[in-house]
Amino acid sequence: MSTNTNDILVQGKHVTKSYHGNVVLEDIEFDIRRGEVHSLVGENGAGKSTLVKIITGVTPRNNGEVDFDGHELPIDFPRTFVEKLGIAVIFQELSLIPGLTVAQNIFLGREPKLGKTRLIDKKKMVTDAEAIIKKYNFPLDPKAEIDSLSIGKRQLVEILKALSMDSKLMIMDEPTASLNLKESKLLFDIIKNLREEGVSILYISHRMEEVFELSDRVTVLRDGQKVALLDREEISPERIISLMIGRDLSVSDYEESVLKTVSGDTILEVKKLCSEKKFSDISFSLNKGEILGISGLVGSGRTEIVRAIYGVDPITSGSVLFDGKEITPTVKQSISLGFGFVPEDRRQQGVFMQLPINKNICSTNFDRYTRMGFVNEKGEDAIAESGINMVSIKPKDPNYIVGNLSGGNQQKVVLAKWLVRDLSILIIDEPTAGIDVGAKDEIYSVINNLARKGVGVLLISSDLPELTRLSDRIIVLREGKMIKEFKDQSITEEEVLRASSGLI
Ligand SMILES: Nc1ncnc2c1ncn2[C@@H]1O[C@H](COP(=O)(O)OP(=O)(O)OP(=O)(O)O)[C@@H](O)[C@H]1O
Ligand SMILES: [Mg+2]
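Next up, the structure:
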């Protein structure tokens with residue numbers, strides 16, 4: 003590609019940002035060419051989302067300049083201005099409005115009007131939404147309410163909303179964090195088409211294979227500094243990872259050998275479990291110290307099953323046995339029996355943004371840090387610190403407000419909150435979505451260690467290398483039914499994928 007200045011759509015010079023004296027972006031130089039996929043990578047907290055917020059005027063920069071299409075951008079500006087310029091953003095924290103439908107969300111602030119009136123043409127809005135859904139072939143109903151959708155589907159709505167804007171630049175901050183393999187592929191095809199049409203994409207992801215597949219160039223950030231700009235031919239996953247974390251991720255980090263001692267004692271048994279429309283006839287058992295992987299494509303019922311076992315959703319028939327005794331799942335009982343549940347949708351279900359890390363980690367641990375009703379702050383800090391270290395939350399300060407952490411670090415707080423408990427069973431849905439490659443391994447060791455101590459783990463993951471690496475057994479679901487069980491530890495990713503997609 004030639005580098006005529008006309009080819010450059012966005013140019014950042016000396017961009018600097020600090021919060022309360024902490025520099026989070028330091029003197030960053032970057033540019034995005036027309037019609038390229040430019041990836042921005044870095045560990046959790048490196049400054050990626052902050053840069054996105056600066057380009058889109060959400061957060062004012064302290065210093066430096068950002069030019070878009072030949073004009074310098076003001077320091078902060080409203081969303082409508084961004085859209086007019088031709089910039090569409092998919093923020094890491096989805097920005098959809100609950101209570102509104104898919105169509106209303108897609109056209110929020112840009113609703114079609116009835117003739118020359120200011121009244122919204124609701125019919126047209128739905129047909130326009132239908133047209134765009136059809137164009138991109140997304141499995142969505144324009145009239146569905148946002149609240150009724152899974153997090154993956156909500157992510158698809160967010161993507162459609164951005165696509166409907168006809169932009170020069172699309173910024174995608176972890177668009178695939180809650181998407182399954184099939185949906186991600188759909189998105190990649192769209193991205194490649196957009197590039198053909200001359201649209202520029204700023205792409206952020208912790209999944210190296212995606213960065214590798216899509217990028218024309220990659221900018222690497224580490225601790226708020228730009229450490230490299232790689233051209234297509236210089237990009238390799240190993241290279242990017244070592245630039246991101248400042249060291250090579252050795253083979254032993256990946257291949258940590260785990261001696262597992264799965265005992266013969268069953269801790270959980272599920273018999274012929276059914277829930278109206280969501281799943282039917284699900285039977286499996288989980289032993290102490292065992293990691294049971296649950297695999298399946300979207301709509302397969304994975305998340306619904308674990309929610310029912312934990313007591314969040316009702317069961318229509320079938321039984322659940324804990325330690326040999328039949329139980330009727332309720333959330334309260336699950337907590338008292340020592341079940342931990344790390345939900346897929348962590349932002350909505352797992353964290354208090356205005357509170358500091360220590361209060362969040364201890365919010366499920368009352369039994370461990372109160373004595374006769376009095377809060378023992380020292381105990382609280384000690385528990386928080388062990389959680390912070392377990393999953394390497396950055397910064398390590400237990401008093402740091404969670405809403406000010408980077409997206410990935412917020413996820414780690416929810417993980418920590420459950421991992422520090424005395425658990426009998428850990429149910430964990432997509433444990434490493436949004437977590438950087440370095441911290442992933444630490445989370446894997448924490449899960450393995452819990453299993454070694456006898457905790458039974460139910461693990462849902464769309465990340466097949468992760469699933470096959472951690473699980474002792476894997477069950478595969480399709481359309482609410484259990485269709486396959488892999489019993490030995492040498493399960494391959496391909497076998498699981500074939501079973502999930504109905505090929506075997
Ligand atoms: N509103 C804020 N107040 C104080 N500090 C903040 C605020 N927003 C972000 N930070 C800090 O800025 C740094 C960079 O955060 P940013 O969200 O840009 O990281 P990121 O690269 O997007 O990480 P992730 O991969 O986890 O999403 C972090 O140390 C974070 O704690
Ligand atoms: Mg981020």
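Count along the sequence shown from 1, add 2, and you get the number used in this note's numbering. Note that the Cβ used here is the ideal one computed from N, Cα and C, for glycine as well. Computed from a prediction, not measured in an experiment: that's the story for all the values here.
Can you tell which of the options has its C-alpha closest to the C-alpha of residue i?
i      : options                           : result
GLY291 : VAL39, ASN24 and ASP474           : ASP474
GLN227 : HIS16, ILE476 and ILE329          : HIS16
PRO345 : LYS273, LEU275 and ILE311         : ILE311
LEU421 : ILE385, ALA133, VAL333 and GLU215 : ILE385
VAL222 : ARG500, VAL43, LEU460 and GLY482  : VAL43
GLY436 : GLN356, LYS50, ILE307 and GLU67   : LYS50
ASP424 : ARG348, GLY389, TYR402 and LEU407 : GLY389
ILE203 : GLY340, LEU469 and ASP218         : ASP218
GLU495 : GLU328, SER463, PRO433 and SER447 : SER463
ILE161 : LEU216, CYS364, ARG120 and ALA105 : ALA105
LEU461 : GLU211, ASP33 and THR434          : THR434
ILE99  : PHE109, GLY303 and ARG500         : PHE109
LEU96  : ARG120, ARG156, LYS124 and TYR138 : ARG156
PHE1   : LEU102, LYS86, ARG81 and THR103   : Because residue 1 is not part of the residues shown, which for the chain are 3 to 506, the question remains open.
SER244 : THR268, LYS273, ASP233 and MET210 : MET210
ASP33  : ASN24, GLU236 and VAL68           : VAL68
LEU53  : ILE192, GLU132, ILE206 and LEU102 : ILE206
LEU158 : SER169, LEU171 and PRO177         : PRO177
GLN13  : ALA146, ASP71 and VAL25           : ASP71
ASN107 : GLY37, ASP29 and ALA146           : ALA146
ASP130 : VAL322, GLU113, PRO141 and PHE140 : GLU113
SER285 : GLU497, GLU487, ILE10 and THR332  : GLU487
Helix or strand or just coil, what does DSSP make of residue i?
i      : result
THR305 : helix
ALA384 : helix
LEU75  : coil
GLN227 : strand
LEU452 : helix
SER235 : In the sequence as displayed, the identity of residue 235 is Glu instead of Ser. If DSSP states are grouped into helix, strand and coil, GLU235 belongs with the helices.
THR52  : helix
GLY440 : helix
LEU469 : helix
SER4   : Per-residue confidence for SER4 stands at a pLDDT of 47, beneath the threshold of 50, marking its modelled position as unreliable; the derived number appears in the next sentence. In the structure shown, SER4 sits in coil (DSSP, three-state: anything other than H, G, I, E or B).
THR82  : helix
ARG35  : strand
VAL253 : With a pLDDT of 42 at VAL253, under the threshold of 50, the modelled position of this residue cannot be trusted, and the question is left open.
ILE317 : coil
ILE493 : coil
LEU245 : helix
ARG423 : coil
VAL220 : strand
ILE337 : helix
GLU199 : coil
VAL60  : coil
ALA435 : coil
ARG500 : helix
ALA310 : helix
SER180 : coil
ASP191 : helix
Which residue or residues does DSSP assign as beta-bridge partners of residue i?
i      : result
PRO358 : ILE403
TYR205 : SER41 and MET174
LEU460 : LEU294 and ILE429
PHE286 : VAL272
LEU27  : LYS19
GLU487 : ILE477
ASN65  : THR18
GLU328 : LEU323
GLY342 : LEU428
SER277 : PHE281
GLN13  : ASP33 and ASP69
Would you mind giving the Cβ-Cβ distance between residue i and residue j, rounded to the nearest angstrom? I have them listed as a contact below 8 Å.
i      : j      : result
LEU270 : ILE427 : 6 Å
GLY298 : SER502 : 5 Å
PHE281 : GLY482 : 4 Å
MET484 : VAL448 : With a Cβ gap of about 28 Å, MET484 and VAL448 do not count as contacting.
VAL91  : ILE173 : 5 Å
Item to check | Uninterrupted beta strand (DSSP E) stretches inside the region 86 to 170 (no shorter than 3 residues) | outcome: 89 to 92
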